[in-house]
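Enquirer: For the sequence shown, the numbering used here assigns the number 8 to the initial residue and increments by one for each residue that follows.
Note that CB positions come from ideal geometry on N, CA and C, so glycine has one too.
Bear in mind that the values here come from a model prediction, so they are computed numbers and not experimental data.
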Amino acid sequence: MSILALREYPDPILHQKAEVVSKIDDELRLFLDDMLETMYTDHGVGLAAPQVGVSKRMIVIDAEQKEDEEGHHQKGNPIALINPEIIYTSEETIFFCEGCLSIPEQRADVERFQKIKVRYQDTTGAVKEIEAEDYLAVVLQHEIDHLNGILYIDHLSRLKRNMLLKKLEKARAAKNEK
Ligand code: NI
Numbered sequence: 008m009s010i011l012a013l014r015e016y017p018d019p020i021l022h023q024k025a026e027v028v029s030k031i032d033d034e035l036r037l038f039l040d041d042m043l044e045t046m047y048t049d050h051g052v053g054l055a056a057p058q059v060g061v062s063k064r065m066i067v068i069d070a071e072q073k074e075d076e077e078g079h080h081q082k083g084n085p086i087a088l089i090n091p092e093i094i095y096t097s098e099e100t101i102f103f104c105e106g107c108l109s110i111p112e113q114r115a116d117v118e119r120f121q122k123i124k125v126r127y128q129d130t131t132g133a134v135k136e137i138e139a140e141d142y143l144a145v146v147l148q149h150e151i152d153h154l155n156g157i158l159y160i161d162h163l164s165r166l167k168r169n170m171l172l173k174k175l176e177k178a179r180a181a182k183n184e185k
């Protein structure tokens, strides 16, 4: 397995609508394993293929992972979802403080559906459905957004979005000075 390079804001691939996956084979399964490994290494809860430079409709998540004493992320319940589609959303919404590996070190409150149902294909190509609420629902909505070229900051007001992007710029500049 290998660790994949992360694309960061404002990389154009993050703003593109990703393509449907038509062929699920060993090569794709290996890529999904690499995505999971990359996600754990970078301390993410989810990762979408465009974030590692592949504009295809695939995400990996693990909303149940744990951290060991050294801060390494341990597998909880990894799931790879191919061609995921939200087929139900609740009326009720929740706010959750989100971050994104493509927008390092920043966080903001985003409004999401409290409960959703997602249809997807697993790594064998079988069609499955997952019902999710609260944290898992938030993670899925965030990652599926990535496949439509939407980042969590796109859900913020213009003022909040601009403030966050300024902080991102500052953090990057500070890092480059070191
Ligand atoms: Ni993200």
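Using the C-alpha atoms, what's the distance from L88 back to D75?
Expert: Taking the sequence shown and counting its residues from 1, one reaches residue 75 at position 68. Taking the sequence shown and counting its residues from 1, one reaches residue 88 at position 81. If I take the Cα positions, the gap works out to 26 Å.
Enquirer: Tell me which residues share the same chain as H162 and place their Cβ nearer than 6 Å to its Cβ, disregarding the 5 neighbours each side in the sequence.
Expert: Against the sequence shown, residue 162 aligns to sequence position 155. If we look at H162 and ignore the five residues flanking it on each side, its Cβ neighbours are V117.
Enquirer: By the three-class DSSP mapping on this structure, what secondary structure does H80 have?
Expert: Within the sequence shown, numbered from 1, the residue matching residue 80 stands at position 73. It is a strand residue.
Enquirer: Let me confirm a value: C107 is counted as buried when at least 16 other C-beta atoms fall within 10 Å, else exposed. Which label applies?
Expert: Within the sequence shown, numbered from 1, the residue matching residue 107 stands at position 100. By the neighbour-count rule (16 or more Cβ atoms within 10 Å), C107 is buried.
Enquirer: By how many angstroms is the C-alpha of Q81 removed from the C-alpha of H50?
Expert: Working through the sequence shown from its first residue, we reach residue 50 at position 43. Working through the sequence shown from its first residue, we reach residue 81 at position 74. A direct Cα-Cα distance of roughly 10 Å separates H50 from Q81.
Enquirer: Have a look at A70, A181, M65, Y142 and flag the residue whose alpha-carbon is nearest the alpha-carbon of A25.
Expert: To locate residue 25, count along the sequence shown from 1; it is residue 18. Looking at the Cα atoms, M65 is the closest of the given residues.
Enquirer: Which residues bound the alpha helix (DSSP H) around D18?
Expert: Your numbering for residue 18 matches position 11 in the sequence shown. For D18, there is no enclosing alpha helix (DSSP H), as DSSP marks it with neither H nor E.
Enquirer: Check whether the Cβ atoms of R126 and E140 sit closer than 8 Å, and answer yes or no.
Expert: By one-based count along the sequence shown, residue 126 stands at place 119. By one-based count along the sequence shown, residue 140 stands at place 133. By the CB criterion at 8 Å, R126 and E140 fall outside the cutoff.
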